[in-house]
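A quick write-up on the structure given underneath.
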Amino acid sequence: MKKEVCCSGTVSIQPRNTRDNGLVLTTDRPVLCHQNPSSSEKQLIFRLNKNGRVESDQHFNEWAKQCQIRSVQKLLKGYALFLLLENTVSRFSRPSVMDLKMGTRQYGDDATDQKRQSQTNKCRETTSASIGIRLVGMQLYREEIGTYVYVNKYAGRQMSCEMLRETLAEYFINAGKIRSTALLKKLTTLKKRLAEANGYRFFSSSLLIAFDGKKHDDTSIDLRMIDFAHSTCSTLVDDVRYIGPDDGYLLGLDFLISSLMDIVNRCLT
Numbered sequence: 002m003k004k005e006v007c008c009s010g011t012v013s014i015q016p017r018n019t020r021d022n023g024l025v026l027t028t029d030r031p032v033l034c035h036q037n038p039s040s041s042e043k044q045l046i047f048r049l050n051k052n053g054r055v056e057s058d059q060h061f062n063e064w065a066k067q068c069q070i071r072s073v074q075k076l077l078k079g080y081a082l083f084l085l086l087e088n089t090v091s092r093f094s095r096p097s098v099m100d101l102k103m104g105t106r107q108y109g110d111d112a113t114d115q116k117r118q119s120q121t122n123k124c125r126e127t128t129s130a131s132i133g134i135r136l137v138g139m140q141l142y143r144e145e146i147g148t149y150v151y152v153n154k155y156a157g158r159q160m161s162c163e164m165l166r167e168t169l170a171e172y173f174i175n176a177g178k179i180r181s182t183a184l185l186k187k188l189t190t191l192k193k194r195l196a197e198a199n200g201y202r203f204f205s206s207s208l209l210i211a212f213d214g215k216k217h218d219d220t221s222i223d224l225r226m227i228d229f230a231h232s233t234c235s236t237l238v239d240d241v242r243y244i245g246p247d248d249g250y251l252l253g254l255d256f257l258i259s260s261l262m263d264i265v266n267r268c269l270t
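Mapped onto our numbering, the consecutive letters of the sequence shown carry residue numbers 2 to 270.
Now the structure itself:
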């Protein structure tokens, strides 16, 4: 079993007294798990412009750069507590990532009435209610054009079942037959395990799928269950107890498996 590495502590940002107004990130303990001296990728350098706003050098992934700039800008106000989790795509040169919201229910047992209603409406108005799955984000590296293609959660909410299938096809055709076939095996195993998970509910959780869009010799593809803030199981004394497996999650897995099988057989022969 793969050993997960995590730590916790504080992180802060201080301006560096240099001509370029660079910024230095410091932590109260070493963060060794994200150091990769063998990586050929340049480190991203942040600096303050004359208006006091954080900016950065050109970065290949513009979306990632903007997310990081916002985080650094917030840290200028002081230190922040952090829980460092594994970066599952750190080994990828050009990570192609898909985030799929699973299940037919997207609120936890502790949700307010307003939250329950809003999430119920969101499921009913999207693919979540009918097929138990919804696209909430995708970045796909297209080597033929040398850039990323993005789909955000708002576009995912507008998708019909057929549009979702087309988006899945675009993603997995780029992944290729070897990776897609390997993912099919992982999904089939996951479905079997979850079908046996009596009393577990994974409300509002997601499946994360990732592969390296740049390295053709790397045929691996990663599959992770993520976002367990609203998950529960029958052994938690103070939680609502459920009987049987999470049928909504299994419904989404059925759609994903059948769609991927069709893509492999029809488009990746």
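Beta carbons: idealized from backbone N, C-alpha and C, even for Gly. Just so you know, these numbers come straight off a predicted model, no measurement behind them.
{"Asked": "Measuring alpha carbon to alpha carbon, tell me which residue in PHE212, PHE203, ARG242 and SER235 is nearest ILE227.", "Found": "PHE203"}
{"Asked": "Beta-carbon within less than 6 Å of VAL98's beta-carbon, same chain only, minus the 5 sequence neighbours each way: which residues are those?", "Found": "GLN140 and ALA211"}
{"Asked": "What did DSSP end up calling ILE258 once you bin it into helix, strand or coil?", "Found": "helix"}
{"Asked": "Measuring alpha carbon to alpha carbon, tell me which of THR168, SER259, MET160 and GLY245 ends up nearest ASN199.", "Found": "GLY245"}
{"Asked": "Who does MET139 pair with in a DSSP beta bridge?", "Found": "MET99 and VAL152"}
{"Asked": "Check whether the region 233-245 touches the region 174-181, taking contact to mean three or more Cβ pairs, one atom from each stretch, closer than 8 Å.", "Found": "no"}
{"Asked": "At which residues does the alpha helix (DSSP H) containing GLU167 begin and terminate?", "Found": "162-176"}
{"Asked": "Flag this pair as yes or no: are the beta carbons of VAL137 and GLU171 separated by less than 9 Å?", "Found": "no"}
{"Asked": "To which residues does DSSP link VAL238 through a beta bridge?", "Found": "VAL238 is not bridged to any residue."}
{"Asked": "Could you give the DSSP three-state label for GLU144: helix, strand or coil?", "Found": "coil"}
{"Asked": "Classify ASP58: buried if its beta carbon has 16 or more other beta carbons within 10 angstroms, exposed otherwise.", "Found": "exposed"}
{"Asked": "Does the beta-carbon of ASP213 have 16 or more other beta-carbons within 10 angstroms, so that it is buried, or is it exposed?", "Found": "buried"}
{"Asked": "Starting from ALA130, follow the alpha helix (DSSP H) in both directions and report where the run begins and ends.", "Found": "128-132"}
{"Asked": "Relative to the C-alpha of VAL90, which residue among GLY79, LEU76 and ALA65 is closest?", "Found": "ALA65"}
{"Asked": "Assign GLY23 to one of three DSSP states: helix, strand, or coil.", "Found": "strand"}
{"Asked": "What does a CB cutoff of less than 7 Å around CYS234 pick up in its chain, not counting 5 residues either side in sequence?", "Found": "GLY200 and TYR201"}
{"Asked": "From LEU257 to GLU63, what does the alpha carbon distance come to, in whole angstroms?", "Found": "29 Å"}
{"Asked": "Evaluate PRO96 with the Cβ neighbour count: other Cβ atoms within 10 Å of its Cβ, from every protein chain shown; 16 or more gives buried, anything less gives exposed.", "Found": "buried"}
{"Asked": "When the Cα of TYR155 is compared with those of LEU165, THR148, GLY147 and SER72, which residue comes out closest?", "Found": "LEU165"}
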